[in-house]
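Residue numbers for the sequence shown follow this note's numbering, beginning at 87 and rising by one.
All residues carry an ideal CB built from backbone N, CA and C; glycine is no exception.
Given the structure is predicted, the values throughout are model-derived calculations rather than measurements.
Take a look at the structure below.
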Amino acid sequence: MFVIHTINELQDELRQRRQANQSIALVPTMGNLHQGHLQLVSTAQQHAEAVVVTLFVNPTQFSENEDLDNYPRTFQDDCQKLELLNTDILFAPSIDEIYPLGGENTSHVHVPNITDVLCGASRPGHFDGVTTIVCKLFNMTRADVAIFGEKDFQQLAVIHRMVDDLNIPIRIIGEPIVREADGLAMSSRNGYLSKEERLLAPRLHQILQYIKQLILAGEVDFNAIESQAKIDLIEAGFKPDYLHIYQRNELKPATKGSKELIIIVAAVLGSTRLIDNIHVDCT
Ligand code: PAF
Numbered sequence: 087m088f089v090i091h092t093i094n095e096l097q098d099e100l101r102q103r104r105q106a107n108q109s110i111a112l113v114p115t116m117g118n119l120h121q122g123h124l125q126l127v128s129t130a131q132q133h134a135e136a137v138v139v140t141l142f143v144n145p146t147q148f149s150e151n152e153d154l155d156n157y158p159r160t161f162q163d164d165c166q167k168l169e170l171l172n173t174d175i176l177f178a179p180s181i182d183e184i185y186p187l188g189g190e191n192t193s194h195v196h197v198p199n200i201t202d203v204l205c206g207a208s209r210p211g212h213f214d215g216v217t218t219i220v221c222k223l224f225n226m227t228r229a230d231v232a233i234f235g236e237k238d239f240q241q242l243a244v245i246h247r248m249v250d251d252l253n254i255p256i257r258i259i260g261e262p263i264v265r266e267a268d269g270l271a272m273s274s275r276n277g278y279l280s281k282e283e284r285l286l287a288p289r290l291h292q293i294l295q296y297i298k299q300l301i302l303a304g305e306v307d308f309n310a311i312e313s314q315a316k317i318d319l320i321e322a323g324f325k326p327d328y329l330h331i332y333q334r335n336e337l338k339p340a341t342k343g344s345k346e347l348i349i350i351v352a353a354v355l356g357s358t359r360l361i362d363n364i365h366v367d368c369t
């Protein structure tokens with residue numbers, strides 16, 4: 087695996103790959119890799135000859151009161167995992183390499199409307215940070231395809247919208263959530279949970295599954311389901327941020343006739359914010 091820290095080196099390497107007619111897949115990450123990330127890499131390998139994993143804890147997507155300094159950094163461990171998968175290139179730039187003028191003085195990409203709801207409502211500016219870094223990575227690599235996890239479903243939707251709006255020539259693939267044996271969606275943030283919280287955490291997925299069964303059984307009073315689910319979350323020890331039943335393609339509230347739904351949740355357990363979602367296909 088080539089471990090590259092500068093944009094120039096990355097672009098030189100990718101130029102050679104393109105000259106050798108290799109297609110390029112991009113897997114953007116913030117490191118602290120778990121099985122969910124490794125699944126993204128495996129999928130990338132099925133779609134292109136050369137896979138670039140990026141590892142960059144992007145400061146512009148964290149607000150001041152968020153956990154940027156404490157975000158887990160496990161570079162050696164991440165390298166080993168990627169080596170084992172025969173990853174071609176790991177791009178791990180410094181903050182100065184990416185934002186030589188500082189994040190605040192750098193042009194940014196803003197995707198309107200869809201970023202105002204859900205996580206965007208509780209984390210103002212977060213998605214501007216995400217779309218800016220992702221757009222920069224698309225431009226640096228000129229990858230043919232990029233893979234993102236569906237756990238961050240809103241992030242995936244925002245990236246799709248950015249690519250459509252700005253005519254970025256790249257194919258975006260969403261990878262289904264990878265879960266622990268007890269149903270908890272894999273996330274770097276799970277490492278923040280205490281032992282007791284870790285035992286409670288799978289309730290999040292269980293509540294989503296319960297709602298899915300209600301909908302499949304014909305329940306259509308979505309407001310009532312959402313209200314009850316928030317009570318269930320509180321009783322299970324969470325502080326709910328949001329729980330919504332949305333139309334999957336539009337990320338707008340579902341209505342009686344909506345067929346392709348997503349139940350999407352963010353809730354805090356102790357001091358850890360967890361997100362999850364589940365698809366529901368009504369016939
Ligand atoms: O999902 C993530 O890990 C990050 O938001 C991403 C896409 C790597 C951008 O920093």
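Who does residue i pair with in a DSSP beta bridge?
i	result
E346	D367
G260	F234
K222	None, per the DSSP bridge assignment.
V354	K325 and R359
P186	Note: P186 sits in no beta bridge, so no partner.
P210	Looking at the DSSP assignment, P210 forms no beta bridge with any residue, so it has no partner.
F88	I175
P158	The partner list for P158 (beta bridge, DSSP) is empty, contrary to what the question assumes.
If residue i and residue j are in contact, beta carbons under 8 Å, what's the gap, nearest whole angstrom?
i	j	result
V138	A229	7 Å
H133	I259	7 Å
A315	L329	5 Å
M87	D174	7 Å
I348	R334	4 Å
H194	T227	The pair is not a contact, with the Cβ atoms about 19 Å apart (cut-off 8 Å).
D367	E336	Not confirmed; about 15 Å, so no contact.
T146	G215	4 Å
K237	D98	Not quite, the Cβ-Cβ distance comes to about 34 Å (not below 8 Å), so this is no contact.
C205	Q240	5 Å
L355	E266	Wrong, their Cβ atoms sit about 14 Å apart, outside the cutoff.
I233	L124	With a Cβ gap of about 11 Å, I233 and L124 do not count as contacting.
L286	A322	6 Å
R223	T129	Before going on, a small fix: residue 223 reads as Leu here, not Arg. No, L223 and T129 are not in contact; Cβ-Cβ is about 17 Å, not under 8 Å.
S149	P210	7 Å
DSSP state of residue i, grouped into three classes?
i	result
L359	The amino acid at residue 359 is misidentified as Leu; the sequence shows Arg. R359 falls in the strand class under three-state DSSP.
Y278	helix
H133	helix
T192	coil
T115	strand
T140	strand
L168	helix
A178	coil
V127	helix
I93	helix
P145	helix
V197	coil
I254	coil
A243	helix
R265	strand
A271	strand
At a cut-off of 7 Å, would you count residue i as near ligand 2, judging by its Cβ distance to the nearest heavy atom?
i	result
Q121	Absence of ligand 2 from the depicted structure is noted, with ligand 1 being the only ligands included.
Could one say the Cβ of residue i lies closer than 8 Å to chain C's Cβ atoms, at least one of them?
i	result
K222	The chain inventory of the structure shown lacks chain C, comprising one protein chain alone.
Open item on the list: Three or more C-beta pairs under 8 Å: does that hold for the region 296-308 against the region 168-180?
Closed with: no
TODO: Evaluate contact between the region 106-113 and the region 147-161, counting only Cβ atoms and requiring at least three cross-stretch pairs below 8 Å.
DONE: Fewer than three Cβ pairs drawn from the region 106-113 and the region 147-161 lie within less than 8 Å of each other, which leaves the two stretches out of contact.
TODO: Please determine if the region 269-285 and the region 115-125 are in contact, where contact requires at least 3 C-beta pairs separated by less than 8 Å.
DONE: Output reads yes: the region 115-125 touches the region 269-285.
Open item on the list: What ranges does the alpha helix (DSSP H) occupy inside the region 281-335, keeping only unbroken runs of at least 4 residues that lie completely in it?
Closed with: 281-286, 289-302 and 308-321
Open item on the list: With three or more C-beta pairs closer than 8 Å as the rule, is the region 158-165 touching the region 236-246?
Closed with: no
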